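I have placed the structure first, in the form of C-alpha cells, so that the comments after it can refer back to it.
There are 2 protein chains.
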Amino acid sequence: MAISAAPTRRPALPDARARLLDTAMQVIRAQGYSATTVDDICRAAGLTKGAFFHYFKSKEDLAVAVARHFSEMAERLFGTAPYREIADPLDRLLGYIDFRSAIIAGPIPEFTCLLGTMVQEAYDTHPAIRRACETYIGGHAAGVAKDIEAAKALYAPEAAWSAESLALYTQAVLQGAFVLAKAKHGPDVARDCVAHLRRYIEFLFHRPLSKEE
Amino acid sequence: MAISAAPTRRPALPDARARLLDTAMQVIRAQGYSATTVDDICRAAGLTKGAFFHYFKSKEDLAVAVARHFSEMAERLFGTAPYREIADPLDRLLGYIDFRSAIIAGPIPEFTCLLGTMVQEAYDTHPAIRRACETYIGGHAAGVAKDIEAAKALYAPEAAWSAESLALYTQAVLQGAFVLAKAKHGPDVARDCVAHLRRYIEFLFHRPLSKEE
DNA sequence: ACTTCCGTACAAACCAGTCGGTATGGTCGC
DNA sequence: GCGACCATACCGACTGGTTTGTACGGAAGT
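Chains W and P, in that order, are what the protein sequence lines are.
3 is the number of the first residue of the first sequence in my numbering; add one for each residue after it.
3 is the number of the first residue of the second sequence in my numbering; add one for each residue after it.
Shown next, in the form of C-alpha cells:
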C-alpha cells in the first residue's frame, strides 16, 4: 500500500553523484587533472567533501569515473547526430567529420576532449587513468572505423591503409587540433585542421574524379 | 676547525641553471606541469631549492624558461638535421616529415612535445605559459611554412590551401600523435599517424596526376 | 670585500582523505 | 498505525603530509 511508488530501491534526492561527474568534467577540461582539487569540484558542484568521498573512494577513482561519464556523453551525442542517418558509408564518414567541425565552437573547455587532456598528464603516473582513456578513445575510434571499413569496401577496396589506422588518425588530428586551439586561445585553428583532414579523406577515396587505386 | 668533512659540495659545476632546465624538461614531459613539484626537479637535478629560486623567481617563471629552452633545443635539432641539405623544397618538406617520424622512438618523455603537454594544462590558468607555448609552436610552424611555401610555388601554385595552414596542420598531427602514443603507451600509433600525414602531403603536391586547380 | 652561487631551515598555505555527526526515509515487528 | 532499528546521503571540522616560496648563512671567485 505504498502511497508513493518507488520502482527501484533507490531513494531519491537529486543525484549528487551525477552533479559531481558533470562538474568534474568541466573543471578538469579547464584546469587539467592535477591542478584540479577535490574542493574545486565540490565547490563548483555545490557539495562538500563528505559527498565527494561518499561516492568516490579517491580522486583517481573519480578520474576513471569521469572518463567513462565523458565517453557515455560523447557516444550519446554522436549516436543521435543527424549524420548517422546517411545511408552511404563514405558520406556518413564525411558527415562525421563535418559534425566534429561544427561542434568546435564556443569556450574551449566545452569542445575539447577530457580523455586527451587527462592522458597527457597522467599516462605515466596514474595507470588506471591511462587505461581508461585508452579504452574510451579506442572505443570511439572503433566506431569510426566501422564506417571507414564500409566505405573502403565500397570505394577503395584495394587501398593500402587500414580502416583502423585511418580511424586512429582522425582522432589524432582532433586531439592535436584541440592542443593548438588551447595554445592559440580559440577554435579557429582547430576547424582549419579538421578541414585538412576532410580533404585527406576525400583524397583517399579518390573523390577528385581521378581513378586508380 | 674541522679536519674531516667538507660538507658542502664544491661549486663550479657547469651551469646549474642549465641542469635545472634540462631536468625540468624531462620531468615535466613525464608528469605534466602541475604534478611536478619544485622539489622533484631539484632532486632529479641534484640541487636544492636554494639553487632553484636563485635562478627562477617562481615555478611559473621556470615553465616559461623551459618552454624557451625546449624550443631552442628543437631548433638546433631540426636546424642541423640532414634533411635540411636537400635542395628541392618538396623533398625537403618530406624529409622533415620523415625525420619527425624517425625521432619518434624510445621512452615517451623523450620524443613528446613539452609545449603541447604544458599548454593543455595551463592554457586557462597560466597565461604566461600559454603565450610562451603559442610563440614557440608558432615559431616552429613558421619555419615549416617556409619550406611549404617554396614547395607550393614550385609544384602547386594555385592550390586553395595556405602554407601557413598546412604547417599548423602538421603540428596538430604531431601533437595528436603524441597524445595517442601516451594513451597507448608506445610510439607505434604516432608513427602511423605521421605516415598518414606524409601521404596527405604527397597528395596535395603532385600525386593526383590529374590537373584541376 | 663584494657579488654570485647554492645549501639549510623554516613559514604559511594547501590538499587528499578521515571521521564523527545529522537528517531522511524505508522496513519490520507488533 | 507506531516505534525501534538501520541504511543511505551528506556535512564540515580536522589531520598529517605536501608544496611554494622566503630568510639567511657560508663558500668561492674576483
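Note that beta-carbon positions come from the ideal geometry of N, C-alpha and C, so glycine has one too.
Note that this is a predicted model, so its numbers are computed, not measured.
Contact under 8 Å by Cβ, Ala20(P) with Ala53(P): no
Top-ranked residue by Cα proximity to Gly81(P), from Arg102(P), Ala162(P), Ala37(P), Gln122(P): Arg102(P)
Counted within 10 angstroms of its Cβ, other Cβ atoms place Ala69(P) as buried (16 or more) or exposed: buried
Cα-Cα separation between Ala134(P) and Leu49(P), rounded to whole angstroms: 26 Å
Cβ of Tyr171(P) within 8 Å of any chain W Cβ: yes
Lys61(W) at chain P interface by Cβ criterion, 8 Å: no
CA-to-CA distance, Ala26(W) to Ala7(W), given in whole angstroms: The predicted position of Ala7(W) is uncertain, since its pLDDT is 31 and thus under 50; a value taken from the coordinates is nonetheless stated next. Roughly 32 Å separates the two Cα atoms.
Distance between Leu64(W) and Phe55(W) (C-alpha atoms, nearest Å): 9 Å
Thr38(P) versus Tyr171(P), His142(P), Glu123(P), residue with shortest Cα-Cα distance: Glu123(P)
Same chain, Cβ closer than 6 Å to Leu79(W), neighbours up to 5 away in sequence not counted: none
Helix, strand or coil at Thr127(P) according to DSSP, with G and I counted as helix: coil
Residue closest to Phe207(W), alpha-carbon to alpha-carbon, out of Val66(W), Gln28(W), Leu156(W): Leu156(W)
Other residues of its chain near Ala83(W): CB distance less than 6 Å, five sequence neighbours each side excluded: Phe101
Proximity to Glu112(P) [Cα-Cα], best of Ile43(P), Asp194(P), Tyr202(P), Phe180(P): Phe180(P)
Within the stretch 20-64 of chain W, ranges of the alpha helix (DSSP H) (whole runs, at least 4 residues): 40-47, 51-57
Residues near His142(P) in its chain [Cβ-Cβ closer than 6 Å; skip 5 each side]: none
Residue of Cys44(P), Arg193(P), Ile139(P), Glu166(P) minimising C-alpha distance to Ala76(P): Ile139(P)
Nonlocal neighbours in the same chain, by C-beta distance under 8 Å from Glu204(P), ignoring five residues either side: Leu96
Sequence-distant residues of its chain with Cβ nearer than 7 Å to Arg31(W) (five each side left out): Pro111, Thr114, Leu116, Thr119
is_contact[Val40(W), chain P] using C-beta, thresh 8 Å: no
Residue-chain proximity (Val181(P), chain W), Cβ-Cβ < 8 Å: yes
Asp194(W) to Val196(P) span [Cα, whole Å]: 18 Å
Three-way DSSP call (helix, strand, coil) for Ser73(P) in this model: helix
Limits of the alpha helix (DSSP H) - the one that Ala174(P) falls within: 165-186
Alpha helix (DSSP H) segment containing Cys195(P), residue limits: 190-207
Contacts of Leu64(W) in chain P (Cβ-Cβ under 9 Å): Those within 9 Å of Leu64(W) in chain P number zero; the least Cβ separation is about 16 Å.
Where the stretch 104-133 of chain W meets chain P: residues whose CB sits under 8 Å from a CB there: Ile110, Pro111, Leu117, Gly118, Thr119, Val121, Gln122, Glu123, Ala124, Tyr125, Asp126, Thr127, Arg132
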